[in-house]
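J.: Sharing a structure here in structure tokens format.
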Amino acid sequence: MRMTIIVCWVIGFIIAASGLFYVTLQVEALEDKLVNLNRQIIKEQENIHMLQAEWSYFNRPDRIQKLTENLLPQMQPVEARQFVSFQTLPFRIEDEKVTPSSATVTNTTQATSISHNGGTE
Amino acid sequence: MILSHWKKLGYTTKPVKRMTLSDLKRQATLQGQQTEALETGRTRLMITGALMALAFTGIGFRMIDVMALSNVSEPKTRNISQSQNLTFDRAPIVDRTGMLVATTVKTVSLAADPRKIMDPQDSAEKLGQILTDIPVAKLYKMLSRKAKFVWVDRRITPTQQQKINALGIPGLEFRTQESRVYPQGNLMAHVLGYTNVDNKGISGLEKSFEETLTSQGEALRLSIDGRVQHIVRDEVQKAMTEFQAIGGSAIVLDANNGQVVSMVSLPDFDPNQPGKASVESHFNRTTLGVYELGSTFKIFNSAMALESGTANMSSSYDASKPIRIARFTINDYHGKNRVLSLPEVFIYSSNIGSAKMAEAFGAGYQKDFLQKIGMLSPSPVELPEVGRPQYPKTWRPINMVTISYGHGIAVSPMHVAAGVASMVNGGTHYQPSLIMQDTKPKGTRVISARSSKAIRKLMRANNIAGSGKKSNAIGYFVGGKTGTADKVKATGGYADRARISSYVAAFPMHKPKYVVYVMLDEPKGNKKTFGYATGGWVAAPIIKQIVTRAAPILGVTPIDPTSEEVNRELALKLPQDSHT
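Protein sequences appear in the order of chains P and Y.
Going by my numbering, 57 is the number at position 57 of the first sequence; the sequence numbering is gapless.
Just remember that my numbering sits 1000 ahead of the position in the second sequence, which is counted from 1.
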């Protein structure tokens, strides 16, 4: 009886000890991993920070202006007359039944009727 | 307890048979010896047990100490494993739109310990191939110096670092440092200022916000819009080249809260390399420079006349003869030689008429008024570089007369822009600010809404019939006033061909949202301007360009130029002969 209890205790102790040892090792491994991850996060943050500065550098308005002048010569600064208020916009023409054969015709009539009916409906 | 064990094991203290006397005697001695031995054993056991117990108690305490209590000398593994954020010693600065305009980056510098370098000549040659901007001879000199530490190169690129590392020269070392970077270069030079090698702000906002930038982590947000800033800088630069001006200055100011959307002073410099720029380019003409700005002051003069009640829109002034006061003669630049109404005095920029207006309300009123709109103290804008206005100590009648048309008083362009904003926005003066504010600042009322409306009409009329025609950006109802003033020579008196030409405008004039100020320093007329270099010829066209390009970005909706409602709002009985 006494022997069994002692054996039980010893076994329990071994299990607890090895369990504790195992958990400790696991925690240490995980902590190492976490430290590495955090280091990586800092590294990434540094990279992002650098890229933000670079983004701003490449967005210098004078650079963009030069690029537009060279690559988009047909783009011009907007003029005041290109702005129209919502009220002055013509109303939308009600959809007519469009058949495939009459599609092109309908489109042109719509386009012309906009300029004629504009704002009267 | 121990005794009972002995008994079990067969030892006994009881006699088992009758003994003789001698036996007894012998036994007594034996017994005595036994007891003695037993006592000794017991004592030894006690001491050992106590020692063991003490040791275990010690170990127990130590275990509690190690496991439960934390110690200062413990390695801080827990802190490392906690997630951290990247921090810098100096917070970034962003513009109104959130674009980064000043930031801190980690840079690598190359240092050396010359004592550890075995072959300075060979090392210098190898380094020279990587650090191409330093001559080999200079590198050799550095590496052969008798010192423990020398900086070889500050701020090397990652590629250079990699290559130098690959050389494997002992005695070279990399040091990581923080350095301030201005990705947008010259764009906001005079607004931001710059820092020295130790990241300490020594001019501009970097200096005035030194404490905020080094203590807070979050970015400082400016009211400056980088896009508008570029447009303004671009246009002033173009005009400076066209008219061979030595300098230029421009401001775009939100008329209804005093926020500076753009502030340019040219020539400017690259804050990344402030040392390479000329001394001249470090000078901030917009806030530090004070100038006699001339006729733009007639806006304030007219407001004084209307607000003081000494005049109304139909008052008239005889401008047919020059005024002689003290030993000076006041004359008109565009002389009409007749009686002029108040709007005509404004539109034709009559000095004689302005002087007569000022005579009606007097010097005291003039000084108080200028004080109220901040013209007599340094601009409250958040820059260390603010100029102290220059004005006469004693306000004599001659001073009052010249100040009425903007001479004899020198203020910075920022003063004029903020002053004009308060004249057109309904009469509230706001302190100009370069920092984005979430709440609308509290202004102080300086003129009545009625006087403000009259000023708006006058400024608009000047763009229709006066000197400001070239600033008309169609659809934006620009109104403004020119200023052309001869520069004061260093020797005293006025220079003849050196002048300050400026234009101050607001738009849209029926409900002003922005005030735009432009100034060119010593422009020269060309064929296109028929040799003229006055505000109306050189500065007004810049306003037109700025308004046309920047208004869509600023969110100002253009209005049909023929809009009856708006034109009626700004209607003013204009003089008969409108050709100037």
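All C-beta atoms, glycine included, are put in the ideal place defined by N, C-alpha and C.
1. Using a Cβ-Cβ distance cut-off of 9 Å, determine whether E69 of chain P contacts chain Y.
2. Should F21 of chain P be labelled buried (16 or more other beta-carbon atoms within 10 Å of its own) or exposed?
3. Specify the secondary structure class of E1242 of chain Y as computed by DSSP and reduced to three states.
4. Kindly list, in the order they appear in chain P, the residues whose Cβ is closer than 7 Å to that of P1552 of chain Y.
5. Taking the alpha-carbon positions, what's the L37 of chain P to P1092 of chain Y distance?
6. Please report the straight-line C-alpha distance between T1548 of chain Y and I1474 of chain Y, rounded to a whole angstrom.
7. Among the residues of its own chain, which have a CB less than 6 Å from the CB of P1384 of chain Y, if the five just before and after it don't count?
8. By Cβ distance below 8 Å, which residues in the same chain neighbour K1298 of chain Y in space, the five residues on each side in sequence not counted?
9. What are the complete alpha helix (DSSP H) segments, minimum 4 residues, inside the stretch 10-93 of chain P?
10. List, in order along the chain, the chain Y residues whose C-beta lies closer than 8 Å to that of M50 of chain P?
11. Which term fits T104 of chain P, buried or exposed, when burial requires 16 or more other beta carbons within 10 angstroms of its beta carbon?
12. The alpha helix (DSSP H) with R1277 of chain Y in it runs from where to where?
13. One question on the structure: do E1173 of chain Y and V1488 of chain Y come within less than 9 Å of each other, judged by their Cβ atoms?
14. Using a beta-carbon distance cut-off of less than 7 Å, what residues from the stretch 1515-1540 of chain Y approach chain P?
15. Which residue marks the beginning of the beta strand (DSSP E) containing Y1514 of chain Y, and which one marks its end?
16. Under 9 Å, Cβ to Cβ, is there at least one residue of chain P near T1557 of chain Y?
17. To the nearest whole angstrom, what separates the beta carbons of L1340 of chain Y and A1319 of chain Y, a pair I think is in contact under 8 Å?
18. With distances taken from CA atoms, which of Y:D1254, Y:K1528, Y:H1190 is nearest P1274 of chain Y?
19. Below 8 Å, can you find three or more Cβ-Cβ pairs linking the stretch 1247-1264 of chain Y to the stretch 1537-1551 of chain Y?
20. Say whether the stretch 1272-1288 of chain Y touches the stretch 1493-1511 of chain Y, bearing in mind that this needs 3 or more beta-carbon pairs closer than 8 Å, one atom from each stretch.
21. Determine the burial state of L1030 of chain Y: buried for a count of at least 16 other Cβ atoms within 10 Å of its Cβ, exposed for fewer.
22. T1157 of chain Y versus chain P: which residues are under 8 Å apart at the beta carbon?
23. Starting from the C-beta of S18 of chain P, find all residues in its chain whose C-beta is less than 8 Å away, skip the five residues before and the five after it, and write them out in chain order.
24. Using three-state DSSP, classify Y1494 of chain Y as helix, strand or coil.
25. Buried or exposed for F1477 of chain Y, please, with buried defined as at least 16 other CB atoms from any protein chain shown within 10 angstroms of its CB.
26. I'd like to confirm the pairing. Which residues does DSSP put opposite V1488 of chain Y in its beta bridges?
27. Please name the residues in the stretch 24-36 of chain P whose beta-carbon is closer than 8 Å to at least one beta-carbon of chain Y, in chain order.
28. Which term fits N1463 of chain Y, buried or exposed, when burial requires 16 or more other beta carbons within 10 angstroms of its beta carbon?
29. Would DSSP call L1253 of chain Y helix, strand or coil?
30. Can you give me the Cβ contacts of I114 of chain P inside the same chain, cut-off strictly under 7 Å, excluding the 5 residues immediately before and after it?
31. Taking Cβ to Cβ, would you say S1471 of chain Y is nearer than 9 Å to Y1503 of chain Y?
32. Could you please tell me which residues of the stretch 1462-1478 of chain Y, in chain order, have their CB closer than 9 Å to any CB of chain P?
33. Can you tell me the Cα-Cα spacing of A1311 of chain Y and D1368 of chain Y, whole angstroms?
34. Can you check whether the CB of K1524 of chain Y is closer than 9 Å to the CB of A1245 of chain Y?
35. Give me the chain Y residues within the contact set of F83 of chain P, using Cβ-Cβ distance strictly less than 8 Å, ordered along the chain.
36. Under a Cβ-count criterion, where at least 16 other Cβ atoms within 10 Å of its own Cβ denotes burial, should F13 of chain P be classed as buried or exposed?
T.: Well, looking at it:
1. Answer no: the Cβ-Cβ gap between E69 of chain P and chain Y never drops below 9 Å.
2. That one is exposed.
3. Looking at E1242 of chain Y - three-state DSSP - the assignment turns out to be helix.
4. Counting only Cβ-Cβ distances below 7 Å, P1552 of chain Y has contacts in chain P at V78, in chain order.
5. Rounded to whole angstroms, L37 of chain P and P1092 of chain Y show a C-alpha spacing of 26 Å.
6. T1548 of chain Y and I1474 of chain Y have their C-alpha atoms some 8 Å from each other.
7. Non-local beta-carbon contacts of P1384 of chain Y in its own chain, meaning distances under 6 Å to residues more than five positions away in sequence, involve K1207, S1208 in chain order.
8. Cβ within range, chain order: V1345, F1346, S1349, S1354, S1404, Y1405, G1406, K1481.
9. For the stretch 10-93 of chain P, whole alpha helix (DSSP H) runs of length 4 or above, ordered along the chain, are 61-71.
10. Result: V1105.
11. The predicted model places T104 of chain P with a pLDDT of 48, which falls under 50 and marks its position as unreliable, so this point remains unresolved.
12. Correcting the residue type first, residue 1277 of chain Y is Ala in the shown sequence and not Arg. Premise fails: A1277 of chain Y is in no alpha helix (DSSP H) and is neither H nor E.
13. No, they are not a contact pair.
14. Within the stretch 1515-1540 of chain Y, no residue has its Cβ closer than 7 Å to any Cβ of chain P.
15. First-last of the beta strand (DSSP E) with Y1514 of chain Y: 1514-1521.
16. Answer yes: the Cβ-Cβ gap between T1557 of chain Y and chain P drops below 9 Å somewhere.
17. L1340 of chain Y to A1319 of chain Y, Cβ: 5 Å. Contact.
18. From the listed residues Y:D1254, Y:K1528, Y:H1190, the smallest Cα separation to P1274 of chain Y is found for Y:H1190.
19. In short, these stretches touch, since the Cβ pair count reaches three.
20. No, the stretch 1272-1288 of chain Y is not in contact with the stretch 1493-1511 of chain Y.
21. L1030 of chain Y should be labelled exposed.
22. Chain P residues near T1157 of chain Y: none, gap ~12 Å exceeds 8 Å.
23. For S18 of chain P, where only same-chain residues beyond five positions count, there are no Cβ hits under 8 Å.
24. Three-state result, Y1494 of chain Y: strand.
25. Label assigned to F1477 of chain Y: buried.
26. Partner(s): Y:Y1494.
27. Result list: E31, L34, V35.
28. In this structure N1463 of chain Y is buried. Its beta-carbon is surrounded by 16 or more other beta-carbon atoms within 10 angstroms.
29. Under the three-state reduction of DSSP output, L1253 of chain Y falls in the strand class.
30. At I114 of chain P, the pLDDT of 39 sits below 50, so the modelled position is not reliable and the matter cannot be decided from this model.
31. Judged by beta-carbon spacing, Y1503 of chain Y lies within the 9 Å limit of S1471 of chain Y, meaning their Cβ atoms are closer than that value.
32. Correct list: A1473, I1474, G1475, Y1476.
33. Their Cα atoms are separated by approximately 18 Å.
34. Their beta carbons are under 9 Å apart, which means A1245 of chain Y touches K1524 of chain Y by this criterion.
35. By Cβ distance, chain Y contributes G1475, P1552, T1557, P1558.
36. Classification for F13 of chain P: exposed.
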